[in-house]
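*Asks:* Numbering that gives the first Met the number 0 numbers the first residue of the sequence shown as 0 and each following residue consecutively.
C-beta atoms are modelled at their ideal positions from N, C-alpha and C, and glycine is treated no differently.
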Amino acid sequence: MNQLQSKLNIPSFSDVYSDYFSIGAAINQRTIKSSKQLLIRHFNSITAENEMKPENLQPDENKFSFEIADQFVAFAEEHHMKMRGHTLVWHNQTPDWMFKTQDGSVASRELLLNRMKTHISTVVGRYKGRIHSWDVVNEVIDDSEDLFLRKSNYLEIVGEDFIEKAFRFAHEADSKALLFYNDYNECHPQKCDKIYKLVKSLLEKQVPIHGIGMQGHWNLTSPTLDNIRAAIEKYASLGLQIQLTELDISVFDSTDGRTDLKEPTTEMIALQEERYEQLFSMIREYRDVISSVTFWGVADDYTWLDNFPVKGRKNWPLLFDVNQLPKKSFQKITSFR
Ligand code: HAH
């Protein structure tokens, strides 16, 4: 089979998984065009990689810029895709003005809460009924052993209840949207316990939260399948739904800093295929709790992992290659039936 034929003959990813979960991809202004055909054929959900983050939507106070986000929502609707919203409250990619007064001093708790409410109600309200799931709060759990919540402007200025306030504001703005807490290193046993504890405490306070977003920025060896399974079980025990929100499988271990590879090694390719196969075989068992699986990109020609965290290094973490052709991993996870 030549390349074009193999491209045409492959099944639609989201069709194969229609009885399991939605299949999503993060897109940006470039990939919505360059990967348009792949998106339309294989995915039934999209997330804006950056274009719905606070710094993009409200770069200056009360000056919202919705043009690109609107285009993404229209694209989703045109192609009958779901849209995930990412993200409302985050320590990163949030403009400085949020946390400052006009004269440059630190904003008060009341001012920051008001701004948070304005941001959330404007953004969630604009897309009411059109965005099925929102990442309301992103990455507030600390990675270290001794700290529970990450140090951030929100935590310092508002205190711990900024988290529950964010969910309540979002729920007020769209009572039907599913609201998620989203984080990375979510399968690391200690961090998993902390995420569980946070979400449990929110539920005990009747905070409107409907799911946990497991980002899924993983590599060939870590986290182990057992750790992934344990995290899914633990989060599911809260009675919430789970979404894999930002899945990709880096071909580099955290200790591998090589920058000289022009393509993945044979070993990397084999391990990645096996990893994707095992992962999807396992998550299919959890179709009752996992409602959506989103990749943080479409094809290896563009990934946020190029140059991150190692400068000058390309990565190949996705299911479609640099020529947008399906990798063998794709075949492995779509041929189970
Ligand atoms: C995610 N953070 C963010 O949720 C997403 O918005 C961004 O586009 C990419 C990854 C993961 C992360 C990070 O930002 C920094 C260090 C580790 C992990």
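#1: Using the Cα positions of residue 189 and residue 144, report the straight-line distance between them to the nearest angstrom.
#2: Leaving out five residues before and five after residue 153 in sequence, what residues of the same chain have Cβ atoms less than 6 Å from its Cβ?
#3: What separation, rounded to the nearest whole angstrom, lies between the Cα atoms of residue 14 and residue 249?
#4: Can you name the residues that DSSP bridges to residue 294?
#5: Please work out which residues of its chain come closer than 6 Å, Cβ to Cβ, to residue 149, disregarding the five sequence neighbours upstream and downstream, and give them in chain order.
#6: Would you tell me roughly how many angstroms separate the C-alpha atoms of residue 206 and residue 311, rounded to the nearest one?
#7: Taking the DSSP output, what are the residues bridged to residue 343?
#8: Return the residue from the list 120, 288, 34 and 96 that minimises the CA-CA distance to residue 301.
#9: Where does residue 132 sit, in a helix, a strand or coil, going by DSSP?
#10: Rounded to whole angstroms, what is the Cα-Cα separation between residue 366 and residue 307?
#11: Distance, Cα to Cα, residue 328 vs residue 267?
#12: May I ask you to report which of helix, strand or coil DSSP gives residue 153?
#13: Exposed or buried, residue 123, counting other C-beta atoms within 10 Å across all chains shown (16 or more means buried)?
#14: Quickly, what does DSSP pair residue 330 with across the bridge? List them, please.
#15: Alpha carbon to alpha carbon, what distance is there between residue 21 and residue 71?
#16: Report, in whole angstroms, the separation of the C-beta atoms of residue 135 and residue 179, which I expect to be a contact under 8 Å.
#17: Tell me the rounded alpha-carbon separation between residue 321 and residue 309.
#18: Measuring straight from C-alpha to C-alpha, what distance separates residue 9 and residue 42?
#19: Within 10 angstroms of its Cβ, does residue 4 collect 16 or more other Cβ (buried), or is it exposed?
#20: Examine the ligand HAH and report whether any of its heavy atoms sits within less than 7 Å of the Cβ of residue 170.
#21: Compute the distance between the beta-carbons of residue 278 and residue 294, then report whether it is under 8 Å.
#22: Does the beta-carbon of residue 336 have 16 or more other beta-carbons within 10 angstroms, so that it is buried, or is it exposed?
#23: Run the proximity test for residue 85: is its beta-carbon closer than 7 Å to any non-hydrogen atom belonging to the ligand HAH?
#24: Tell me the residue span of the beta strand (DSSP E) that contains residue 179.
#25: Name the two residues that bound the continuous alpha helix (DSSP H) containing residue 33.
#26: For residue 379, does the three-state DSSP call read helix, strand or coil?
#27: Which same chain residues end up closer than 6 Å to residue 212 when comparing Cβ atoms and leaving out the 5 residues on each side of it in sequence?
#28: Would you mind working out which of 54, 23, 170 and 191 sits nearest residue 45, comparing C-alpha positions?
#29: Any heavy atom of the ligand HAH closer than 7 Å to the CB of residue 28?
*Replies:* In brief:
#1: 7 Å
#2: 161
#3: 25 Å
#4: 24 and 246
#5: 139 and 141
#6: 43 Å
#7: For residue 343 there is no data in the structure shown, the boundaries of the chain being 0 and 336.
#8: 34
#9: strand
#10: The question about residue 366 has no answer, for the chain in this structure spans 0 to 336.
#11: 12 Å
#12: helix
#13: buried
#14: None, per the DSSP bridge assignment.
#15: 17 Å
#16: 6 Å
#17: 19 Å
#18: 14 Å
#19: Because residue 4 sits at a pLDDT of 45, beneath the cut-off of 50, its placement in the model cannot be relied upon, and the following sentence gives the value as read from the coordinates. Classification for residue 4: exposed.
#20: no
#21: no
#22: exposed
#23: yes
#24: 177-182
#25: 30-33
#26: Coverage of the chain is limited to positions 0 through 336, which leaves residue 379 absent and any answer about it impossible.
#27: 134, 179, 181, 242 and 244
#28: 23
#29: no
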